[in-house]
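Numbering (the numbering used here), first residue to last: 7 to 108.
Below is one structure, written out as structure tokens; the observations come after it.
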């Protein structure tokens, strides 16, 4: 589901989290996940890893949708900009859910 588009963090989206691999932006309707480059990696390896991981994550989200399992709807993916746009689902973060039970 690659789309040739510029997925900008528009003024409506605010940064909600940053992890080791990505920065998350959100508004009331969408989440934008952008994988960040690692300066310590060789540029070609960095590009390959981020592209592969972005594509795999998009396929997993699509598979979850096809199985009718609860999860966000994939809105778009761009493996040139290493971005995934998905539906925002209001609720507790998965990490918080796990922290309560495990």
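Note that CB positions come from ideal geometry on N, CA and C, so glycine has one too.
>> Which of the three DSSP states is assigned to residue 100 in this structure?
In response: Helix, per DSSP.
>> Check this for me: beta carbons of residue 28 and residue 37, under 8 angstroms apart or not?
In response: For the 8 angstroms CB-CB criterion, residue 28 and residue 37 do not form a contact.
> Comparing alpha-carbon positions, which option in 98, 19, 100, 57 lies nearest residue 84?
Replying inline: The option with the nearest alpha carbon to residue 84 is 57.
>> Is the separation between the beta-carbon of residue 95 and that of residue 80 shorter than 8 angstroms?
In response: Contact check for residue 95 against residue 80 fails: the beta carbons are separated by 8 angstroms or more.
>> Taking the beta carbon of residue 64 as the centre, do at least 16 other beta carbons fall within 10 Å, making it buried, or is it exposed?
In response: Buried.
>> So residue 52 and residue 39 are supposed to be a Cβ contact under 8 angstroms. How far apart are they, rounded?
In response: The beta-carbon distance between residue 52 and residue 39, rounded to whole angstroms, is 17 angstroms. This is too long to meet the 8 angstroms contact definition.
> Does the Cβ-Cβ distance between residue 91 and residue 82 come in under 8 angstroms?
Replying inline: Yes.
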